[in-house]
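Novice: Here you go, one structure.
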Amino acid sequence: SETMIPSTDEERAALNADGDEIGRNHIRPLEMDLESSVSPPDLRGNSRQDAYKLCFGAGGIYVAFLYYGSLQEDVFRFKADDGSTFQFAWFLQLLEAAANIIVGYIGRRIVGGTAGLPMKPFAITGTSQVFAKALTSLALAHGLSFPVATLAKSGKMAPVMAGQLLLGGASYSIRDYLQVAAIIGGTAILSLGKKKTGVSQSSTAGVVFIVLSLVADGITGGVQKKLKVEMSEKGMSPKPYDFMYFTNFYMGLVALIISGCLGEIISGTAFCASNPAVLLLVIQFSICSAVGQSFIFYTVAHFDPLVCSTVTTTRKIFSVLLSIFTKGHVMNAQGWVGVSIACGGILSEVQAKVSKSCTSKLQSKVSM
């Protein structure tokens, strides 16, 4: 393909602002010559380094969370010799939170933490997050298939939009509504469909739990937004591992209380002790969660949050496909139609975010 060469100083300046290669005839300001009298910056080298960092961060997110999803499905599909299954969702959340607390603590020790952070918002968002995750696990434990659960969780924008419309007076475009409708509609088609064997992809209890999980996600989104505003008003800038440590601390505390009250700590430990295979799955699952979160923080630290959002969102599609092709989900035509519609809604949402980000950057440059 033919390469477009900038012909004016303005075009070359725009390329420079984007971090691309500086045009040969670009006139550099005197201040820049004084700051780097040896040679101009090698932006191609910087671009190459950014590409390596993106591959490292995005690759880490994909590997960690693809394996995370696969392990989660394996945990709840596990059957002991006596036919019993793993039903200890809150015990699982306790172990997952513990792994994240350890990594978050180590991260704060290495990069430093922020003193004087208010704990109430962390307690609220930690509580809502652990409920969202535990309810998703309960949905899987009660027969909801992993592809249905994952696609349903991709529609978490629905409760967020509902809350903003009812409480915040927000407005959304027709495309926003269509995207959410596609995700929810596609998930419903898949959920109501039958396998070729005639078995349903979901159960009533599983659907109820996943809906409650989405509600918890909506609460989490609202609380996190309030947390950012409160931090900004106090002039505080929490570091990534601050969020990881304190949020998971309260997630673990809630999981400890609930799993203790339900007797899951004793029964879950006994089940794992009697079934070393599932114990290994649980340990790997918890480690993947902590490692994946670290890669997310790494990616956000080096790139626009949109990049991380795009990676984590598209990862769900691959998780669904990986589950279908490796876990024995044999679907009929209706199931594939549902998957296609829901994935189309997810990809449309990603494209809209990218387009909006590019437009905002272009407008900011024009205003300058």
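Residue numbers (the numbering used here): 649 to 1016.
We put the CB at the ideal spot given by N, CA and C, even for glycine.
Values in this document were obtained by computation on a predicted structure and should not be read as measured data.
1. Quick test of the definition: if touching needs 3 or more C-beta pairs under 8 Å, does the segment 734-754 touch the segment 989-999?
2. Among all the DSSP beta bridges, which residues are the ones paired with residue 727?
3. Would residue 717 and residue 967 qualify as a contact pair, given that the criterion is a beta-carbon distance under 7 Å?
4. Look at residue 956 and residue 962 and say whether their C-beta atoms are less than 7 Å apart.
5. Less than 7 Å between C-beta atoms, sequence neighbours within five positions excluded: which residues of the same chain meet that for residue 797?
6. Check residue 805 in the structure and name its three-state DSSP category.
7. Is residue 767 helix, strand or coil by DSSP?
8. Going by other Cβ atoms of all chains shown within 10 Å of its Cβ, with 16 needed for buried, is residue 899 buried or exposed?
9. Tell me which residues share the same chain as residue 802 and place their Cβ nearer than 6 Å to its Cβ, disregarding the 5 neighbours each side in the sequence.
10. Alpha carbons only, please: which of 949, 976, 937 and 769 is nearest the one belonging to residue 749?
11. For residue 972, which residues from the same chain have a beta carbon less than 8 Å from its beta carbon, with the 5 sequence-adjacent residues on both sides left out?
12. Quick one: using the 10 Å Cβ neighbour count with 16 as the cut-off for buried, is residue 767 buried or exposed?
13. Could you please give the first and the last residue of the uninterrupted alpha helix (DSSP H) stretch that includes residue 888?
14. Using 10 angstroms around the beta-carbon of residue 703, count the other beta-carbons present and answer buried if the total reaches 16, otherwise exposed.
15. Between the C-alpha atoms of residue 761 and residue 924, what's the straight-line distance to the nearest angstrom?
16. Locate the alpha helix (DSSP H) running through residue 915, then write down its first and last residues.
17. Are residue 780 and residue 864 closer than 7 Å when you measure CB to CB?
18. Helix, strand or coil for residue 713, going by three-state DSSP, please let me know.
19. Exposed or buried, what is residue 699 when buried is set at 16 or more other beta-carbons lying within 10 Å of its beta-carbon?
20. Quick one: is residue 685 buried, meaning 16 or more other Cβ sit within 10 Å of its Cβ, or exposed?
21. Counting Cβ pairs, one atom from each stretch, are 3 or more of them under 8 Å apart for the segment 726-739 and the segment 905-920?
22. Among 807, 753, 746 and 860, which one has its Cα closest to the Cα of residue 890?
23. Taking the Cβ atom as the reference point for each residue, do residue 712 and residue 940 lie within a distance shorter than 7 Å?
24. Quick check: the Cα distance between residue 730 and residue 975, rounded to an integer number of angstroms?
25. Residue 860: which of 778, 695, 722 and 734 sits nearest, CA to CA?
26. Helix, strand or coil: how does DSSP classify residue 934 here?
27. Here's the rule: buried if 16 or more other CB atoms are within 10 angstroms of the residue's CB, otherwise exposed. What is residue 922?
28. Going by alpha carbons, who is nearest to residue 997 out of 715, 727 and 820?
29. Would you say residue 854 and residue 792 are within 7 Å of each other, going by their C-beta atoms?
30. Taking Cβ to Cβ, would you say residue 769 is nearer than 7 Å to residue 875?
31. Out of curiosity, what's the CA-to-CA distance linking residue 944 and residue 715?
32. CB residue 929 to CB residue 722, shorter than 7 Å?
33. On a CA-only basis, which of 763, 756, 773 and 719 is nearest residue 901? Give me that one, please.
34. So, at 6 Å on beta carbons, what are the nonlocal neighbours of residue 950 in its own chain, with the 5 sequence-adjacent residues on each side left out?
35. Measure how close the beta-carbons of residue 989 and residue 837 come, nearest whole angstrom, since I'm counting them as under 8 Å.
Specialist: Short version:
1. no
2. Along the sequence shown, one-based indexing puts residue 727 at 79. According to DSSP, which records beta bridges pairwise, residue 727 is partnered with 733.
3. Taking the first residue of the sequence shown as position 1, residue 717 is located at position 69. Taking the first residue of the sequence shown as position 1, residue 967 is located at position 319. Result yes, Cβ atoms of residue 717 and residue 967 sit closer than 7 Å.
4. Numbered from its first residue, the sequence shown carries residue 956 at position 308. Numbered from its first residue, the sequence shown carries residue 962 at position 314. No. Outside cutoff.
5. Within the sequence shown, the letter at position 149 stands for residue 797. Correct list, in chain order: 784, 787, 788 and 858.
6. The residue given as residue 805 occupies position 157 in the sequence shown. Three-state result, residue 805: helix.
7. As a position in the sequence shown, residue 767 is number 119, starting the count at 1. Note: residue 767 maps to coil in three-state DSSP.
8. Working through the sequence shown from its first residue, we reach residue 899 at position 251. With 16 or more Cβ atoms within 10 Å of its Cβ, residue 899 is classed as buried.
9. To locate residue 802, count along the sequence shown from 1; it is residue 154. The answer, listed in chain order, is 831, 964 and 994.
10. Residue mapping note: residue 749 aligns to position 101 of the sequence shown, counting from 1. Comparing Cα positions, the closest option is 937.
11. One-based indexing of the sequence shown puts residue 972 at position 324. Excluding residues within five positions, the ones whose Cβ falls inside 8 Å are 795, 979 and 987.
12. Counted from its first residue, the sequence shown places residue 767 at position 119. Classification of residue 767: exposed, given that the 10 Å Cβ count is below 16.
13. As a working mapping, residue 888 is identified with position 240 in the sequence shown. 888-909 is the extent of the alpha helix (DSSP H) around residue 888.
14. Here residue 703 refers to the residue found at position 55 when the sequence shown is read from its first residue. Its Cβ having fewer than 16 others within 10 Å, residue 703 is exposed.
15. Residue numbering aside, residue 761 sits at position 113 when the sequence shown is read from its first letter. Residue numbering aside, residue 924 sits at position 276 when the sequence shown is read from its first letter. Their backbone Cα atoms lie some 37 Å apart in a straight line.
16. By 1-based counting over the sequence shown, the position of residue 915 is 267. Counting along the chain, the alpha helix (DSSP H) containing residue 915 begins and ends at 912-922.
17. The residue you call residue 780 lines up with position 132 of the sequence shown. The residue you call residue 864 lines up with position 216 of the sequence shown. Closer than 7 Å, so yes.
18. Taking the first residue of the sequence shown as position 1, residue 713 is located at position 65. Here residue 713 sits in helix by DSSP.
19. Within the sequence shown, the letter at position 51 stands for residue 699. Exposed, by the Cβ-count rule.
20. Taking the first residue of the sequence shown as 1, we reach residue 685 at position 37. Note that residue 685 scores a pLDDT of 39, beneath 50, so its modelled location is shaky; the value from the coordinates is reported in the next line. Under this definition residue 685 is an exposed residue.
21. yes
22. Within the sequence shown, the letter at position 242 stands for residue 890. Minimum Cα distance to residue 890 is reached at 753.
23. Within the sequence shown, numbered from 1, the residue matching residue 712 stands at position 64. Within the sequence shown, numbered from 1, the residue matching residue 940 stands at position 292. Cβ atoms of residue 712 and residue 940: closer than 7 Å.
24. For this step, residue 730 is matched to residue 82 along the sequence shown. For this step, residue 975 is matched to residue 327 along the sequence shown. Straight-line Cα distance between these residues: approximately 22 Å.
25. Residue mapping note: residue 860 aligns to position 212 of the sequence shown, counting from 1. Nearest C-alpha to residue 860: 778.
26. For the purposes of this step, residue 934 is identified with residue 286 of the sequence shown, where counting begins at 1. Here residue 934 sits in helix by DSSP.
27. Indexing the sequence shown from 1 puts residue 922 at position 274. So residue 922 counts as exposed.
28. For the purposes of this step, residue 997 is taken as residue 349 along the sequence shown, with counting starting at 1. Taking only the C-alpha atoms, the option nearest residue 997 is 820.
29. Translated into positions along the sequence shown, residue 854 becomes position 206. Translated into positions along the sequence shown, residue 792 becomes position 144. Their beta carbons are under 7 Å apart, which means residue 854 touches residue 792 by this criterion.
30. For the purposes of this step, residue 769 is taken as the residue at position 121 of the sequence shown. For the purposes of this step, residue 875 is taken as the residue at position 227 of the sequence shown. Cβ distance < 7 Å, so residue 769 and residue 875 count as in contact.
31. Start at 1 with the first residue of the sequence shown, and residue 944 comes out as number 296. Start at 1 with the first residue of the sequence shown, and residue 715 comes out as number 67. Looking at the two C-alpha atoms, the distance is approximately 15 Å.
32. Within the sequence shown, the letter at position 281 stands for residue 929. Within the sequence shown, the letter at position 74 stands for residue 722. Yes; because the gap between Cβ atoms is below 7 Å, this pair is in contact.
33. Counting from 1 along the sequence shown, the entry for residue 901 is found at position 253. The shortest Cα separation from residue 901 among 763, 756, 773 and 719 belongs to 773.
34. If you number the sequence shown from 1, residue 950 lands on position 302. 701, listed in sequence order.
35. Along the sequence shown, read from residue 1 onward, the residue named residue 989 stands at position 341. Along the sequence shown, read from residue 1 onward, the residue named residue 837 stands at position 189. Yes, residue 989 and residue 837 are in contact; Cβ-Cβ is about 7 Å, under 8 Å.
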